[in-house]
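Visitor:
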Amino acid sequence: MTTYNGLVGEQTKVEQAQADVSTALQRRSDLIGNLVESVKGQMNHETEVFTKIADARAKIGSSSVTSEENQKAQGELSSALSRLISLTENYPELKSNQNVEQLMVELSGSENRIFVAHKDYNKVAAEYNQKLRSFPTVLFANMMNFKEAETFKETEEAKTVPKVDFGTSSSSQ
Numbered sequence: 375m376t377t378y379n380g381l382v383g384e385q386t387k388v389e390q391a392q393a394d395v396s397t398a399l400q401r402r403s404d405l406i407g408n409l410v411e412s413v414k415g416q417m418n419h420e421t422e423v424f425t426k427i428a429d430a431r432a433k434i435g436s437s438s439v440t441s442e443e444n445q446k447a448q449g450e451l452s453s454a455l456s457r458l459i460s461l462t463e464n465y466p467e468l469k470s471n472q473n474v475e476q477l478m479v480e481l482s483g484s485e486n487r488i489f490v491a492h493k494d495y496n497k498v499a500a501e502y503n504q505k506l507r508s509f510p511t512v513l514f515a516n517m518m519n520f521k522e523a524e525t526f527k528e529t530e531e532a533k534t535v536p537k538v539d540f541g542t543s544s545s546s547q
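According to the numbering used here, the stretch in the sequence shown is residues 375 to 547, in order.
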């Protein structure tokens with residue numbers, strides 16, 4: 375009984391950590407929508423980046439995608455977002471817009487939250503998986519059909535944190 379309750383407790387920690395990751399990703403998605411709407415009017419001819427962002431957000435929002443496809447879409451979104459932020463540097467009127475500046479700062483904070491949430495999730499998942507593999511728990515876990523938690527593996531695109539530059543460095547003046 376103690377073994378079962380311990381595994382359930384560890385499994386609950388994994389589920390909570392996964393929910394924290396989902397919350398951080400949803401926050402970023404909401405901010406991206408606001409940022410895109412804020413800059414779209416002034417960047418009419420940059421349709422490719424807006425299309426990539428919309429496509430990635432649609433994949434992420436789809437209930438039919440697997441966990442792996444979702445991670446890939448998150449990476450594509452990060453990549454498209456990096457491109458959008460790079461493009462905004464070519465528009466001085468956007469860099470001076472307080473709303474755009476605030477959204478970009480919040481987006482940077484969201485990227486940090488996502489990183490921490492992924493790190494925390496992987497730690498909890500590794501602890502749970504280690505407990506599942508230990509003897510004699512492994513025998514009980516197999517009988518009760520406990521499954522290992524998948525760990526988050528970043529794609530190359532997801533490792534790219536969007537660069538936030540408001541042209542304040544001396545080299546851009």
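Yeah, the Cβ is synthetic: ideal placement off N, Cα and C, and Gly gets one too.
Given the structure is predicted, the values throughout are model-derived calculations rather than measurements.
So, using beta-carbon positions, are residue 491 and residue 388 closer together than 8 Å?
Guide: Going by C-beta atoms, residue 491 is not nearer than 8 Å to residue 388.
Visitor: Looking at residue 488: is its Cβ nearer than 8 Å to the Cβ of residue 398?
Guide: Yes.
Visitor: Does residue 413 pass the burial test, meaning 16 or more other C-beta atoms within 10 Å, or should it be called exposed?
Guide: By the neighbour-count rule (16 or more Cβ atoms within 10 Å), residue 413 is buried.
Visitor: Please report the Cβ distance between residue 451 and residue 416, rounded to the nearest whole angstrom; I am assuming they are in contact, meaning their Cβ atoms lie under 8 Å.
Guide: Between residue 416 and residue 451 the Cβ distance is about 21 Å, and since that is not below 8 Å, they are no contact.
Visitor: Quick check: what's the CA-CA separation for residue 501 versus residue 442?
Guide: One C-alpha to the other measures close to 21 Å.
Visitor: Within 8 Å, do at least three Cβ pairs link the region 509-523 to the region 376-386?
Guide: They touch, by the three-pair rule.
Visitor: Answer yes or no: do residue 405 and residue 480 have a C-beta to C-beta separation smaller than 8 Å?
Guide: Closer than 8 Å, so yes.
Visitor: What are the uninterrupted segments assigned as alpha helix (DSSP H) that are 4 or more residues long and contained completely in the region 424-506, given in chain order?
Guide: Runs found: 441-462 and 466-469.
Visitor: What is the DSSP secondary structure of residue 400, reduced to helix, strand or coil?
Guide: The answer is helix: DSSP assigns residue 400 an H, G or I state.
Visitor: In angstroms, rounded to a whole number, what distance separates the CA positions of residue 376 and residue 511?
Guide: Approximately 10 Å, taken between the alpha carbons.
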